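Undergrad: Sharing a structure, written as structure tokens. Questions coming.
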Amino acid sequence: MKRFGRVTALGGVDLAVPAGTVLGLLGPNGAGKTTMVRVLATLLPPDAGRATVLGLDVATRPGAVRRVIGVSGQYAAVDGYLTGRENLRMIGRLSGLGRRSARHRAEELLHELDLTDAAARTARTYSGGMRRRLDVAASLVARPRVLFLDEPTTGLDPRGRLGLWRLIGQLSAEGTTVLLTTQYLEEADRLADSIVVLDHGVVIAMGTAEQLKAQVGGDRLELQASPGTDTHALAGAMAGLGTGEATISADDSRVVIPVAHGPAILPEVAARLARSGLRVSDLALRRPSLDDVFLALTGTSAAPSTSDTATVGSRR
Numbered sequence: 081m082k083r084f085g086r087v088t089a090l091g092g093v094d095l096a097v098p099a100g101t102v103l104g105l106l107g108p109n110g111a112g113k114t115t116m117v118r119v120l121a122t123l124l125p126p127d128a129g130r131a132t133v134l135g136l137d138v139a140t141r142p143g144a145v146r147r148v149i150g151v152s153g154q155y156a157a158v159d160g161y162l163t164g165r166e167n168l169r170m171i172g173r174l175s176g177l178g179r180r181s182a183r184h185r186a187e188e189l190l191h192e193l194d195l196t197d198a199a200a201r202t203a204r205t206y207s208g209g210m211r212r213r214l215d216v217a218a219s220l221v222a223r224p225r226v227l228f229l230d231e232p233t234t235g236l237d238p239r240g241r242l243g244l245w246r247l248i249g250q251l252s253a254e255g256t257t258v259l260l261t262t263q264y265l266e267e268a269d270r271l272a273d274s275i276v277v278l279d280h281g282v283v284i285a286m287g288t289a290e291q292l293k294a295q296v297g298g299d300r301l302e303l304q305a306s307p308g309t310d311t312h313a314l315a316g317a318m319a320g321l322g323t324g325e326a327t328i329s330a331d332d333s334r335v336v337i338p339v340a341h342g343p344a345i346l347p348e349v350a351a352r353l354a355r356s357g358l359r360v361s362d363l364a365l366r367r368p369s370l371d372d373v374f375l376a377l378t379g380t381s382a383a384p385s386t387s388d389t390a391t392v393g394s395r396r
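Going by our numbering, the residue at position 216 of the sequence shown is 296; the numbering climbs one at a time, nothing skipped.
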């Protein structure tokens, strides 16, 4: 548990992250994601409960925890007056690497994060995305066994984002445990072995991406009304076809209906369209996305849990 005055930032977190996996931490702004990362990284003391990283208690053994973790927060924490190369070499020396090893590791990471061409420039001349990549590189200098990434791809262009995704996948494959907070649901879907959804400081759902999607229901039937077609009439023509009420989107003239039997209902959809004389410009059947999950799960408040424990990289 963590409180700030009368505000409970974390009030019901009970989870364990197997070693060598990627945990995606999702939630709306203010859900407690960054607070959770800061507690696990020993940057904030918990007010109650217990949190361990690789079996090390963050409250009683913070120094030992810091020796096995890497952290890249929401804001790049690099020295603007040092070059990119100097920043990484300095982190290497502070982490206990010898001079030669620090130089080698710096060059390795500059290449991995596509910063070699800018390595001799001071960090204050970097773009926001470049500073972000340099900060991620700094968190990797000591080859941490557990890596905390708090919205690491914010501000990155598509090339930088894809490059970082590849690196995270490689780190996980090599045995690094990664806790990733993100606002990009595609990112969690692609990278995370498991996902935890926070809201109002409590865990409201956890599981694989497919398990969370299954909670939302079956397939989605989407009908795009042709110009001049009444979407309410279109929704009425499909009444009783799905497993729930149709959602009408006035902005793009879409009708979305949750359905249980997927392709089996398509002949009935065609028959109803023919009988009603209504026209559609597009018709699609798709699985729920993490966007659907996110909106469904965070649309209502969750009741706090009585447990407040977090364990990272504790088991395989």
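C-beta: ideal position from N, C-alpha, C; glycine also. Treat the numbers as computed from the prediction; the structure is a model and nothing was measured.
Starting from the Cα of valine 335, find the closest Cα among Gly324, Gly249, Arg204 and Pro343 and give me that residue.
TA: Per the Cα distances, Gly324.
Undergrad: Just verifying my parser: in three-state terms, what is the DSSP assignment at valine 335?
TA: Valine 335 falls in the strand class under three-state DSSP.
Undergrad: For threonine 386, does the three-state DSSP call read helix, strand or coil?
TA: Bear in mind that a pLDDT of 47 at threonine 386, under 50, signals an unreliable position, so the model cannot answer this.
Undergrad: Since proline 126 and lysine 82 are thought to touch, with beta carbons under 8 Å apart, how far apart are those beta carbons, to the nearest angstrom?
TA: The Cβ separation is near 6 Å, so the contact holds.
Undergrad: Note down, one range per segment and in chain order, each alpha helix (DSSP H) of at least 4 residues found wholly within the stretch 247-296.
TA: Correct list: 265-271 and 289-296.
Undergrad: Quick check: the stretch 101-121 against the stretch 182-190, are there 3 or more CB pairs under 8 Å?
TA: At 8 Å Cβ cutoff, the stretches do not touch.
Undergrad: Is the Cβ-Cβ distance between glutamine 304 and aspartate 362 less than 7 Å?
TA: Cβ atoms of glutamine 304 and aspartate 362: closer than 7 Å.
Undergrad: Please determine, among Gly150, Val158 and Arg223, the residue with the shortest C-alpha to C-alpha distance to arginine 185.
TA: Nearest option by C-alpha distance: Arg223.
Undergrad: Spell out the partners DSSP gives glycine 92 in its beta bridges.
TA: Answer is Val282, bridged to glycine 92.
Undergrad: Taking buried to mean at least 16 other C-beta atoms within 10 Å of its own C-beta, is leucine 90 buried or exposed?
TA: Buried: at least 16 other Cβ atoms inside 10 Å.
Undergrad: Can you tell me whether arginine 86 is helix, strand or coil according to DSSP?
TA: Coil at arginine 86, not helix or strand.
Undergrad: Might you give, ordered along the chain, the residues of its own chain that have their beta carbon closer than 7 Å to the beta carbon of arginine 146, omitting 5 neighbours on each side?
TA: Within the same chain, arginine 146 has close Cβ partners Thr122.
Undergrad: Pull up the distance between the alpha-carbon of glycine 92 and that of aspartate 388, whole angstroms please.
TA: Whole-angstrom Cα-Cα distance: 5 Å.
Undergrad: Spatial neighbours of leucine 124 within its chain, please: C-beta separation below 8 Å, excluding the five flanking residues on both sides.
TA: Within the same chain, leucine 124 has close Cβ partners Lys82, Thr115 and Arg118.
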